[in-house]
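Numbering (this note's numbering), first residue to last: 320 to 466.
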């Protein structure tokens, strides 16, 4: 059974998920691992169709996190190969997989006991409150894409 976390998502984590969505990543999932994994609080997991798209998604996540006021990743692994890129931002880690690699490692099954975060809903709420605070300006992140 998949449980959904009710904790508020940090803006950089939501930005990373939206950055992946902007590059048409598939199966974007945010896991709340903070209670069971002392090293980081969240995993952002996404997939691409090919190694080139996987690398582009990783680049877009980096840019989106910086645009949201975060720092770049502390460490990046797998960029050259492009089948599984790991970006360590400290408070969260982004895993960007080629579809076949993701199916092989089945990371969601490994972390099936942690709650998933409904990042799309939380991002929509942030965008709505931002629009209310700044009438006439569009929110900085689009949430109209179904992921």
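From the three backbone atoms N, C-alpha and C, an ideal C-beta is built for every residue, glycine too.
Bear in mind the structure is a predicted one, so any value in this text is a computation, not a measurement.
Residue 355 versus residue 391 - alpha carbon distance | If you number the chain shown from 1, residue 355 lands on position 36. If you number the chain shown from 1, residue 391 lands on position 72. The straight-line gap from Cα to Cα measures roughly 25 Å.
By how many angstroms is the C-alpha of residue 417 removed from the C-alpha of residue 377?
-> Residue numbering aside, residue 377 sits at position 58 when the chain shown is read from its first letter. Residue numbering aside, residue 417 sits at position 98 when the chain shown is read from its first letter. Taken atom to atom, the span from the alpha-carbon of residue 377 to that of residue 417 is near 12 Å.
Cross-strand partners of residue 366 (DSSP beta bridge) = Mapped onto the chain shown, residue 366 falls at position 47. DSSP, once it has assigned bridges, lists 345, 416 as partnering residue 366.
The beta strand (DSSP E) enclosing residue 358, as first and last residue numbers | Position 39 of the chain shown, counting from 1, holds the residue named residue 358. From DSSP, residue 358 is part of no beta strand (DSSP E); its letter is neither H nor E.
Determine the extent of the alpha helix (DSSP H) in which residue 427 is found, giving its start and end residues.
-> For the purposes of this step, residue 427 is taken as the residue at position 108 of the chain shown. First-last of the alpha helix (DSSP H) with residue 427: 426 to 429.
Let me know if residue 401 comes out buried or exposed under the rule of 16 or more other beta-carbons within 10 Å of its beta-carbon.
-> By 1-based counting over the chain shown, the position of residue 401 is 82. Buried.
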